[in-house]
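To start, the structure itself, in structure tokens.
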Amino acid sequence: MDLKKTDNAELKLRSLGNTEEIAIDEEAIQYVVVTCGKTHFAFEGIYVKEILPQTDITFVPGLPNFFSGMIHVRGNLECVADLGQLIGLQPTKTDKLNRVLIVRYEEISSGILTEYVLDLIDVPKSKIRSDIKHTDAGRSDYFIGEFEWNNQIVVILDIVRLMRKINGEEI
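Under our numbering, read the sequence shown as residues 1 to 171, first letter to last.
See below:
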């Protein structure tokens, strides 16, 4: 038995707040867990390129209401969408703990303003439910699943649909 694999599986279980056993070789998906209002959401890790601290966001008139504005990221401009407004919730409360996730899908890149980034976790595929029960957390057409983490339900966001909305392809 490979002790290192066992330790990694045990650490994954602890990070999920579970005590049940899982297969060591079970495939897992990495998620960035964030908050918006009282709800926990997850972005699939492969799409999150950076997590930036709260920075000055420059308002740009004429953008859809879910855009907070623009930021400079190492000489490049990125639009910043407010996660709350993007999925039909209240605007994201702003304070010094906010984070901007730079998310990229295909050729679309955007910043997404979140209240807090809670963790970066690996979730075994067997723990992900596609039958979403947490439907009071905004527009459920932007949700693709959920899982339990630290005794909380975490709603998995549909990055493809969110990025298409940000790009003006779906409103």
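We treat Cβ as the ideally placed atom computed from N, Cα and C, and that holds for glycine. From a predicted model like this one, the values you see are computed outputs, not experimental measurements.
Helix, strand or coil at residue i according to DSSP, with G and I counted as helix
i, result
"glycine 168", "coil"
"valine 154", "strand"
"arginine 74", "coil"
"glutamine 54", "coil"
"valine 160", "helix"
"aspartate 2", "With a pLDDT of 43 at aspartate 2, under the threshold of 50, the modelled position of that residue is not reliable, and the figure given next carries that caveat. Note: aspartate 2 maps to coil in three-state DSSP."
"aspartate 141", "helix"
"leucine 118", "strand"
"isoleucine 102", "strand"
"leucine 97", "coil"
"methionine 112", "Rather than methionine, the amino acid found at residue 112 in this sequence is isoleucine. Three-state result, isoleucine 112: strand."
"isoleucine 29", "strand"
"leucine 11", "Since pLDDT at leucine 11 reaches only 49, below the 50 mark, its modelled position is unreliable, and the value read off the structure follows with that caveat. In this structure, leucine 11 counts as helix in the three-state DSSP scheme."
Per DSSP, cross-strand counterpart(s) of residue i
i, result
"glutamate 146", "Arg129 and Val155"
"phenylalanine 67", "Ala81"
"phenylalanine 41", "Val34 and Val155"
"valine 60", "DSSP, once it has assigned bridges, lists no residue as partnering valine 60."
"proline 124", "Ala28"
Presumed contact (8 Å Cβ cut-off) between residue i and residue j, rounded CB distance
i, j, result
"leucine 157", "phenylalanine 143", "7 Å"
"arginine 99", "leucine 162", "Their Cβ separation, rounded to whole angstroms, is 16 Å, which puts arginine 99 and leucine 162 out of contact at 8 Å."
"glycine 37", "leucine 89", "6 Å"
"tyrosine 47", "arginine 104", "6 Å"
"valine 80", "isoleucine 108", "About 14 Å separates the two Cβ atoms, so there is no contact after all."
Nearest-angstrom Cα separation, counted from residue j out to residue i
i, j, result
"aspartate 141", "tyrosine 116", "23 Å"
"glycine 145", "glutamate 106", "21 Å"
"serine 110", "methionine 70", "9 Å"
"arginine 164", "leucine 86", "11 Å"
"phenylalanine 41", "proline 61", "28 Å"
"leucine 120", "glutamate 50", "12 Å"
"lysine 4", "glutamate 169", "Here the model assigns lysine 4 a pLDDT of 44, short of 50, so the residue's position is not dependable, and the following value carries that caveat. Taking the straight line joining both Cα atoms gives about 46 Å."
"isoleucine 166", "arginine 129", "26 Å"
"isoleucine 132", "isoleucine 153", "10 Å"
"phenylalanine 66", "leucine 113", "10 Å"
"histidine 72", "glutamine 54", "12 Å"
"leucine 77", "isoleucine 102", "11 Å"
"tryptophan 149", "valine 160", "23 Å"
"proline 124", "aspartate 25", "10 Å"
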